[in-house]
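Undergrad: Got a structure for you, questions after.
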Amino acid sequence: VTTTMRICSLLPSTTEIVCALGLKENLVGITHECDYPQDISEIQVVTKNLIDHSGSNSQEINRHISEALHSGSGIYAIDNKSLESTNPDLILTQELCEVCAVSYSQVKESVRTLSGTQTVLSFEPSNIEGILDSIVRIGKHTNTEPNAKTLVSEAHGRIDAVKSKCSDSAINPRVLGLEWLEPPFIGGHWVPEMIEIAGGTPALGDQEAPSMEITWDQALASSPEIIVLMVCGFDLKRTVEEFHLLSESEFWKKYDGEIYAVDGSAYFSRPGPRIIDGIEILSEIIHPNIFQR
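Going by the UniProt record's numbering, the sequence shown opens with residue 1, and the numbers climb by one from there.
See the structure below:
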């Protein structure tokens, strides 16, 4: 990478990839949701949340987001002055989910206001290979291909290790991964694939299909043996707090399987390097007799 390359990452996942490639010093702009690795807090933040979620539960947040999308007002905004001040050469963004980050159309509008020439890379992975391809693409555009290939090779090695251990088990429990709790959404895109790699059977959801709203009756009818609460944008503590709001519902009274809460934000929602950690976490949940916790 040229020491002068200035990278602006408009996704928490690409921020993680850039840092994993050893390019943290080249990172000049990040989002308000970029929180990993922890030593990026001094970098200029160029986005903001247009909706105040503080003190809101799952149901209220979902309503706020639905209303914003319906009215066309958006959920996030780019601070054009902050973006301009970073003077980026490379901008990393996405077209996958307008609930998760600033939209591609917003980015295009903001880039038009910048002077100089910028390369804009957009990412929309829908499976594990797509996530690993994102690492390779960023590596190619930053002249860090050897680092990217090493990261991808290590990821494949860890995936293969999980698959190999799981192949010894004749049992593949039905697993329901919930990305949102009220209303319930099943984890989409790469989540069913993560469950399969970890030795489970997705109770609902097809590989690469987007996250989908379901009813609690559908959740019960899918006969899950294990439910994993992997709430998008929530850490473990927040997810546990949220569960107690639901624990008195009819569904939870009828369900008699296992329930686990995980850090969805870190290990399941973001299409970045820590998705592999998410697979390993799932494997320990699904096959505790094979994988030591």
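C-beta atoms are modelled at their ideal positions from N, C-alpha and C, and glycine is treated no differently.
Report the partner residues of K48 according to the DSSP bridge assignment.
TA: Answer by DSSP bridge pairing, in chain order: A77.
Undergrad: Within the region 189-227, note down every full beta strand (DSSP E) run reaching 3 residues or more, in order along the chain.
TA: Listed in chain order, there is nothing to give.
Undergrad: Drop a sphere of 10 angstroms on the beta-carbon of N26, count the other beta-carbons inside from all chains shown, and report buried for 16 or more, exposed for fewer.
TA: That one is buried.
Undergrad: Is T239 helix, strand or coil by DSSP?
TA: The answer is helix: DSSP assigns T239 an H, G or I state.
Undergrad: Would you mind reading off the limits of the alpha helix (DSSP H) that contains residue 297?
TA: This structure cannot speak to residue 297, because the chain is shown only from 1 to 293.
Undergrad: On the DSSP bridge list, what partners appear for C8?
TA: Its beta-bridge partners are G29, I91.
Undergrad: Cα separation between E154 and S249?
TA: Their Cα atoms are separated by approximately 43 Å.
Undergrad: Let me make sure I understand the geometry here. Which of G157, T142, I135, R238 has the alpha-carbon closest to that of A148?
TA: Ranking G157, T142, I135, R238 by Cα distance to A148 puts I135 first.
Undergrad: Out of T47, S58, I131, state which residue places its alpha-carbon closest to the alpha-carbon of F185.
TA: For F185, the nearest C-alpha among the options comes from S58.
Undergrad: Less than 8 Å between the CB atoms is what I'm expecting for Y76 and A266, so what's the real figure, rounded?
TA: Their Cβ separation, rounded to whole angstroms, is 20 Å, which puts Y76 and A266 out of contact at 8 Å.
Undergrad: Can you tell me whether E213 is buried or exposed, with buried defined as 16 or more other CB within 10 angstroms of its CB?
TA: With fewer than 16 other Cβ atoms within 10 Å, it is exposed.
Undergrad: Since S283 is in the alpha helix (DSSP H), which residue starts that stretch and which ends it?
TA: Segment 275-286, the alpha helix (DSSP H) holding S283.
Undergrad: Near K165, which residues of its chain fall below 6 Å by C-beta distance, leaving aside the five closest residues on each side in sequence?
TA: Cβ within range, chain order: I290.
Undergrad: Please determine if the region 252-272 and the region 14-25 are in contact, where contact requires at least 3 C-beta pairs separated by less than 8 Å.
TA: The region 252-272 is in contact with the region 14-25.
Undergrad: What does the alpha-carbon distance come out to for the pair G199 and L151?
TA: The alpha-carbon atoms of G199 and L151 are separated by roughly 23 Å.
Undergrad: Helix or strand or just coil, what does DSSP make of R112?
TA: In the structure shown, R112 sits in a helix (DSSP, three-state: H, G or I).
Undergrad: Considering Cα atoms alone, identify which of S211, H156, Y260 is closest to E284.
TA: Selected option, being the one with the closest Cα: Y260.
Undergrad: Give me the Cα-Cα distance between R238 and G116, rounded to the nearest whole angstrom.
TA: For R238 and G116, the distance between alpha carbons rounds to 42 Å.
Undergrad: Is it true that the region 200-208 meets the region 176-192, where meeting means three or more beta-carbon pairs spaced less than 8 Å apart?
TA: Yes, the region 200-208 touches the region 176-192.
Undergrad: Taking the alpha carbon of C6 as the reference point, which residue from A161, E84, D39, N80 has its own alpha carbon closest?
TA: Note on identity: in this sequence residue 6 is Arg, with Cys being the wrong assignment. Minimum Cα distance to R6 is reached at E84.
Undergrad: Is the beta carbon of L21 less than 8 Å from the beta carbon of T215?
TA: For L21 and T215, no; Cβs fall outside 8 Å.
Undergrad: Could you pull the start and end residues of the alpha helix (DSSP H) that K150 belongs to?
TA: Here residue 150 turns out to be Thr, not Lys, going by the sequence shown. 145-166 is the extent of the alpha helix (DSSP H) around T150.
Undergrad: In this structure, what does DSSP give as the bridge partners for P184?
TA: In the DSSP output, where bridge partners are listed per residue, P184 has L181.
Undergrad: Hey, out of S110, L236, S105, whose CA is closest to N80's CA?
TA: Measuring from the Cα of N80, the nearest candidate turns out to be S110.
Undergrad: Less than 7 Å between C-beta atoms, sequence neighbours within five positions excluded: which residues of the same chain meet that for P192?
TA: P202, G205, D206, Q207.
Undergrad: Buried or exposed: where does D160 fall if 16 or more other Cβ atoms within 10 Å of its Cβ makes it buried?
TA: It counts as exposed.
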